[in-house]
Amino acid sequence: MPTFWQNGNLIHFAAAKNHLGVYPGESGVSVFADRLKGFKTTKGAIQFSFSEPIPYELIAEITRFRVQENAEKAKGGSSKKKYTFEAIIQKVPDIDGAYVEIPFDVKKELARAASLSTPPLTGSHTTAAW
Numbered sequence: 001m002p003t004f005w006q007n008g009n010l011i012h013f014a015a016a017k018n019h020l021g022v023y024p025g026e027s028g029v030s031v032f033a034d035r036l037k038g039f040k041t042t043k044g045a046i047q048f049s050f051s052e053p054i055p056y057e058l059i060a061e062i063t064r065f066r067v068q069e070n071a072e073k074a075k076g077g078s079s080k081k082k083y084t085f086e087a088i089i090q091k092v093p094d095i096d097g098a099y100v101e102i103p104f105d106v107k108k109e110l111a112r113a114a115s116l117s118t119p120p121l122t123g124s125h126t127t128a129a130w
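Residue numbering for the sequence shown follows the numbering used here, beginning at 1 and increasing consecutively.
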């Protein structure tokens, strides 16, 4: 799904048969709720029917709002601790899968499984951050 990213996810787009799906997250929908009346919305999504003109300026305003929201969050820093380490991606024998061995000190501190959050992987090495 095409995504614009700046200090975090800003907005996602997806075309369906009869509508354009725009996904600015919960705040992007709730802050603009009055202007989104007449459009189908959910907690974090908006549907713009292809049978009506697409409100490009409204989408741009929502995106500008999300840019500012993410910038404010970035200024305050993250309260989450980040773990970064070099890892080799290991192939799982007999199936089309792979895994990354998490260093023991990270596993111990998290006391749970961690999910990999990186760009798409290429090659056999990656840098992972949790």
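The beta carbon of each residue, even a glycine, is placed where N, CA and C say it ideally should be.
Beta-carbon proximity of residue i to residue j, cut-off 9 Å
i: I59; j: V22; result: yes
i: H19; j: F50; result: yes
i: F32; j: I62; result: yes
i: M1; j: A16; result: no
Residues near residue i by beta carbon distance below 6 Å, same chain, minus five either side
i: D4; result: Reading the sequence as shown, one finds Phe at residue 4 and not Asp. Excluding residues within five positions, the ones whose Cβ falls inside 6 Å are L10 and I11.
i: S25; result: Position check: residue 25 holds Gly in this sequence, whereas Ser was assumed. So the qualifying residues of the chain are G44.
i: A74; result: N7
i: G38; result: none
Cβ shell of residue i (< 7 Å), same chain only, five flanking positions each side left out
i: K40; result: Q47
i: S149; result: Here the chain comprises residues numbered 1 to 130, so residue 149 is not present and cannot be evaluated.
i: R35; result: L58
i: Y56; result: none
Close-in-space but distant-in-sequence residues of the same chain around residue i (CB under 8 Å, 5 per side omitted)
i: I95; result: none
Report yes or no: do three or more beta-carbon pairs, one from the segment 2-19 and one from the segment 68-78, lie closer than 8 Å? The answer is yes - the segment 68-78 touches the segment 2-19, with three or more Cβ pairs under 8 Å.
For a minimum of 3 consecutive residues, which ranges assigned as the beta strand (DSSP E) are wholly contained in the segment 7-83? Those beta strand (DSSP E) runs which fall completely within the segment 7-83 and span 3+ residues are 9-15, 19-23 and 46-49.
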